[in-house]
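Shown next, in structure tokens, is the structure this report addresses.
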């Protein structure tokens, strides 16, 4: 996303990222996160030198306004920032604020769109990226442009990450500058009742009506962030990687055997690894090697409120 903006000849005045939690300013995890961010910036933005600002809780928006005002930037572009940005900040930018939301708005507004899409089985219907204007509400502003993902983009965390990175880069490189130039006005979001994308703290228990493919897909894409469980002897056991299909559904309760969990789905009995340190490490390896094999994706952008040549 950042590289796409720079490649089009635009300047990045500053990058604001979530800061460490109180008491964690000098932890090993914080140090590792800072070092990885510097590597990413060096990889994509060299030779540009961009200030990196950490902004953590408790958020001092007045101080942040003073700091951002000094950059004299035209537009604010956000993705995945965990807190609603107040209008006092948006007013600092002549072209306002734009947000990249990983779903096809107005569907699946909220903080956890990807997890909710996969859990609901709606990823291939409402999955994609939307670029919209920022307002005082969450994900409510006019939609400027959208990119829809294909079923192949939902095969794994790696394929989804590739699709998100490529889609955001295209929207930032092509649609955001047109909005700033007054070429792209956007479309107001329709009124109505749409799914609010949030995953609570209640454990996600696999239902007997879920297919084995649906359970495996949840694990492949959001298994590290969303814990999947099946009940065994009155306790919840967490699932990890799918192993194999064992045969037709037996009607027997879930069982744990040799580090695996066997359970019935709607279309048969399957075996998954039980969640453990080994399963977490295996996931890291799969993500790393998956990224190495994937190149950039190219999409068709759907634009809204585009002015004709004569009205620019």
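Numbering (the working numbering), first residue to last: 2 to 313.
Glycine included, every Cβ here is placed at the ideal spot set by N, Cα and C.
From 183, 241 and 170, pick the residue whose C-alpha is nearest to that of residue 207; which is it? 241
Following the continuous beta strand (DSSP E) through residue 1, name the residue where it begins and the one where it ends. What is shown of the chain runs 2 to 313, which leaves residue 1 out entirely.
Quick check: what's the CA-CA separation for residue 255 versus residue 62? If I take the Cα positions, the gap works out to 50 Å.
Does the segment 29-45 touch the segment 93-108, meaning 3 or more C-beta pairs lie closer than 8 Å? Too few Cβ pairs lie closer than 8 Å, so no.
Of all the options 253, 251, 268 and 258, which has the alpha carbon lying nearest to the alpha carbon of residue 213? 268
Quickly, what does DSSP pair residue 134 with across the bridge? List them, please. 99
Reference residue 68; option with closest CA among 123, 98 and 15: For residue 68, the nearest C-alpha among the options comes from 15.
Assigned secondary structure, residue 204 (DSSP; H/G/I helix, E/B strand, else coil): coil
Per DSSP, residue 256 is paired with what? 263
In this structure, how does DSSP classify residue 169 when only helix, strand and coil are distinguished? Looking at residue 169 - three-state DSSP - the assignment turns out to be helix.
Can residue 176 and residue 146 be called in contact, C-beta distance under 8 Å? Taking the C-beta atoms as reference points, residue 146 is found nearer than 8 Å to residue 176.
First and last residue of the uninterrupted alpha helix (DSSP H) at residue 115: 114-121
Using the rule of at least 16 other Cβ atoms within 10 Å of the residue's Cβ for burial, across every protein chain shown, is residue 84 buried or exposed? exposed
Residue 313 to residue 11 span [Cα, whole Å]: Confidence at residue 313 is low in this model, with a pLDDT of 43, below 50, so its placement is unreliable and no value can be given for it.
Candidates 24, 25 and 51, of which the one nearest residue 17 by Cα: 51
So what's residue 52 in DSSP terms, helix, strand or just coil? Note: residue 52 maps to coil in three-state DSSP.
Distance, Cα to Cα, residue 280 vs residue 73? Going from the Cα of residue 280 to the Cα of residue 73 covers about 47 Å.
Whole-angstrom distance between residue 190 and residue 142, CA atom to CA atom: If I take the Cα positions, the gap works out to 7 Å.
Using a Cβ-Cβ cutoff of less than 8 Å, which residues in the same chain neighbour residue 239 once the five nearest sequence positions on both sides are dropped? So the list reads 228, 229, 230, 275 and 276, once near-sequence residues are dropped.
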